[in-house]
Each structure stands twice: as C-alpha cells, then as structure tokens.
Amino acid sequence: MNLFAVVPAAGSGQRMGAGLPKQYLALQGRKVIDWSVRSLLRQPEIQRVVVVLASRDPHWQTTLVHDDPRVCTTVGGPERAISVLEGLKALRVHAKESDWVLVHDAARPCVREADIQRLVEQIGQGNGTVLGAPVIDTMKRTDATGHILGTVDRNLLWRAFTPQLFPLGLLYKALKDALSAGITVTDEAGAMEWAGYQSSMLEGASSNIKITRPEDLELAAFYLSHRL
Ligand code: C5P
4 MNLFAVVPAA
14 GSGQRMGAGL
24 PKQYLALQGR
34 KVIDWSVRSL
44 LRQPEIQRVV
54 VVLASRDPHW
64 QTTLVHDDPR
74 VCTTVGGPER
84 AISVLEGLKA
94 LRVHAKESDW
104 VLVHDAARPC
114 VREADIQRLV
124 EQIGQGNGTV
134 LGAPVIDTMK
144 RTDATGHILG
154 TVDRNLLWRA
164 FTPQLFPLGL
174 LYKALKDALS
184 AGITVTDEAG
194 AMEWAGYQSS
204 MLEGASSNIK
214 ITRPEDLELA
224 AFYLSHRL
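When the sequence shown is numbered by our numbering, its final residue is 231 and no position is left out of the sequence of numbers.
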C-alpha cells in the first residue's frame, strides 16, 4: 500500500482580511503553507504531495516547498471539497484505488510531526482515521438569534482537524457522490460518513489550529516558536 497526500490551498482566506490568501502569510520566517507541506514531506512514507492551488496563483512559486521533487500541483475549485476532489483526481494518475491518502489543510501549519506519524501508523485500519481533540468547553445549542436552547453533552464530542487519512478509492467516490448530491462537505470524514463508512478519531495536539482570523497567526507563531 502506498501513501500520498493532498493539500487544499485554493482558498482566498477572506476572513483574515489580509489582502493575501492566508496560506501565504508570513509565519516564523516562512509562509504558512511551507510549514504545513514540510511537516508532510518529513514523513518518508509519503510518496507524493499534491498541492491544490487557485487558478493563476501568483504566490506558489515564492514558497520554499514549490520545487521539492515530491510536490506537484493542480487547480482547485470554489469550495474546499471541490479542491480536495481535484487533488484526488490528480493523484489517481499515479496511485491505485487501494492506496491511502492524507488530506491536510494548507492553513494548519502547527501540526506535529509525531501526530502525523501516529496517523500514518493507522494505514490499513478500517475505513480511515481523523486527527482531532476532545471538546473541553461546555457546548450550547442556540436558535438563529442566539437564544440558548440547551446544553449538549460534550463527552463524546470531538473537534476534527486535518490530516485525515482514508483509502483513496473510497474517499474519491464518497466525495464525488456527496458533491453530486448537493451535500455540504466540510471535511473528508463528513463525505465518508454520508457514504456510510465509519472512520475513527485519533487524539492529537490541540495546537493544530486552522489559521482563520488574524489572532490565529499570532497563536500559531507562539506554538511554532515554543514547539508546544
Ligand atoms: O476556508 P477554510 O479555512 O475552510 O479552508 C481550509 C483549507 O481549504 C485552506 O487550506 C484553503 O486554502 C483550502 N480551500 C481550498 N479551496 C477552496 C476553499 C478553501 O483549497 N475553494
């Protein structure tokens, strides 16, 4: 069984309000995407990393990882799930249905290599594994105006991160079918759930944040400089 990776990096990151897609913002001497892709490239088991870019992306060539021999690119779409599907399509040229794929957001630069390694050890186990962390706050359900309707039992609730690991053939079909059915897919496990495949959570460091708002960049810089 071979292992590949897909890195969706075709978003515009408008919530950052930075005038530059968030994956290209400077972070501790590199770009956000350099940290995210490098942590995958440090895993020798990963044969190839497909980075999914926006069309006519002028920033990719300025990254440290763009000319790595194990990295190639393809063009994404208007939603994250479509970008991931395009990445999987590009992989299918090199890979078999029975190979496995890690999908990792370009916007998660703080993932620990040890956590990726533990995830990689799950290859061949069931229908896939997702890195995440148990919810620690009290969870409330509200109506659309913010009025509290109730408290949700958090004992079995997790935050789902990336990387997420799945068999390539199953994930490709699940994502393709979910998108054709008009399902909103916010992560790969969601498409697999919709297709009826159960995957598992693997607890990882909660410092694996997704850069979304300006304050996240400062937090990521803190995590990376302290390697927490
Ligand atoms: O916008 P969000 O934070 O959910 O983006 C998560 C990841 O998906 C980012 O790395 C972003 O570049 C990527 N993405 C993408 N194509 C899109 C939207 C987001 O590859 N159309």
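In this text, a Cβ means the ideal position worked out from N, Cα and C, and glycines have one as well.
Source: prediction; values computed, not measured.
| query | Which partner residues does Trp-161 have in the DSSP bridge list? | reply | Taking the first residue of the sequence shown as position 1, residue 161 is located at position 158. According to DSSP, Trp-161 bridges with Pro-137.
| field | Exposed unless 16 or more other CB atoms sit within 10 angstroms - verdict on His-236 | value | An answer regarding residue 236 cannot be provided, because it is not within the stretch 4 to 231 covered by the chain.
| With DSSP run on the structure shown, which of helix, strand or coil describes Ala-192? | By one-based count along the sequence shown, residue 192 stands at place 189. In this structure, Ala-192 counts as helix in the three-state DSSP scheme.
| task | With DSSP collapsed to three states, give me the class of Arg-73. | result | Along the sequence shown, one-based indexing puts residue 73 at 70. Looking at Arg-73 - three-state DSSP - the assignment turns out to be coil, as it is neither helix nor strand.
| request: Return the residue from the list Val-52, Ile-85, Leu-174 that minimises the CA-CA distance to Gly-72. | output: Reading the sequence shown from its first residue, position 69 is the one you call residue 72. Note that residue 72 corresponds to Pro in the displayed sequence, not to Gly. When only C-alpha atoms are compared, the closest one is Val-52.
| request: Tell me whether Asp-108 counts as near ligand 1, meaning its Cβ is closer than 6 Å to at least one heavy atom of that ligand. | output: Within the sequence shown, residue 108 is the residue found at index 105, counting from 1. For ligand 1, at least one heavy atom lies less than 6 Å from the Cβ of Asp-108.
| request: Say whether chain B places a C-beta atom closer than 7 Å to the C-beta of Ser-101. | output: No chain B appears in this structure, which consists of one protein chain only.
| said: Any heavy atom of ligand 1 closer than 6 Å to the beta-carbon of Ser-42? | reply: The residue labelled residue 42 in the question sits at position 39 within the sequence shown. No; taking the cut-off as 6 Å, the Cβ of Ser-42 has no heavy atom of ligand 1 nearer than that.
| request: Could you tell me if Val-10 is buried or exposed, where buried requires 16 or more neighbouring beta carbons within 10 angstroms of its beta carbon? | output: Here residue 10 refers to the residue found at position 7 when the sequence shown is read from its first residue. Classification of Val-10: buried, given that the 10 Å Cβ count is 16 or more.
| request: Could you tell me whether the segment 13 to 31 touches the segment 196 to 209, where touching means 3 or more Cβ pairs closer than 8 Å? | output: no
| query | Hey, would you say the C-beta of Gln-26 is under 6 Å away from at least one heavy atom of ligand 2? | reply | Among the ligands present in this structure, namely ligand 1, ligand 2 is not found.
| task | Determine which residues share a DSSP beta bridge with Ala-2 and list them. | result | Because the chain spans 4 through 231 in this model, residue 2 falls outside it and cannot be assessed.
| task | Could you tell me the boundaries of the alpha helix (DSSP H) in which Glu-48 lies? | result | In the sequence shown, counting from the first residue as 1, residue 48 sits at position 45. First-last for Glu-48: undefined, no H or E at that position.
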